[in-house]
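Enquirer: What follows is a structure written as structure tokens; I'll ask about it next.
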């Protein structure tokens, strides 16, 4: 789905694709369990933007606030995270942010990337999405 909208006066607008995806996921979540998956060029949210191995496996609202306050997140990722937290606050069960090459893997229970949830961290300390939700 292309993130193109219009202003009602014939002008095409390029709407943020993450916002479009979150809005659609929220609408679908009224009837189905939803895992929203954001794909981009990194393996997940990085604690150190210079280190691709520094993937943060799990972020809840408290950790997000802490990371933002400490300025540990690259500014470009903030809109994606804001959309993720908006989606889960409105019924989407979980959001997973990862590399586009991991999309198929991230539709199952063995995932790669960063899990965004309102809950506390999974018991193992690893991101373990709830499995059947897509």
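Numbering (our numbering), first residue to last: 49 to 182.
All residues carry an ideal CB built from backbone N, CA and C; glycine is no exception.
1. For residue 99, count neighbouring Cβ atoms within 10 angstroms of its own Cβ and tell me buried if that reaches 16, exposed if not.
2. Considering just the uninterrupted stretch of the alpha helix (DSSP H) at residue 114, what are its terminal residues?
3. Which partner residues of residue 83 appear in the DSSP bridge assignment?
4. Where residue 61 and residue 53 are concerned, what is the direct C-alpha to C-alpha distance, given to the nearest angstrom?
5. Just curious, the alpha helix (DSSP H) that residue 126 is in, first and last residue?
6. Would DSSP call residue 154 helix, strand or coil?
7. How far does the alpha helix (DSSP H) with residue 159 in it reach, from first residue to last?
8. Check whether the Cβ atoms of residue 92 and residue 161 sit closer than 9 Å, and answer yes or no.
9. Tell whether a beta-carbon distance below 9 Å holds between residue 94 and residue 144.
Expert: Taking the coordinates as given:
1. Residue 99 comes out exposed.
2. Run containing residue 114: 109-117, per the alpha helix (DSSP H) assignment.
3. Beta-bridge pairing links residue 83 to 142.
4. In this structure, the straight-line span from the alpha carbon of residue 61 to that of residue 53 is close to 5 Å.
5. Membership of residue 126 in the alpha helix (DSSP H) is indicated by the continuous run 126-137.
6. Three-state DSSP puts residue 154 in a helix.
7. Careful: residue 159 lies outside any alpha helix (DSSP H) and carries neither H nor E.
8. The Cβ-Cβ distance between residue 92 and residue 161 falls below 9 Å.
9. One thing to note: residue 94 has its Cβ no nearer than 9 Å to the Cβ of residue 144.
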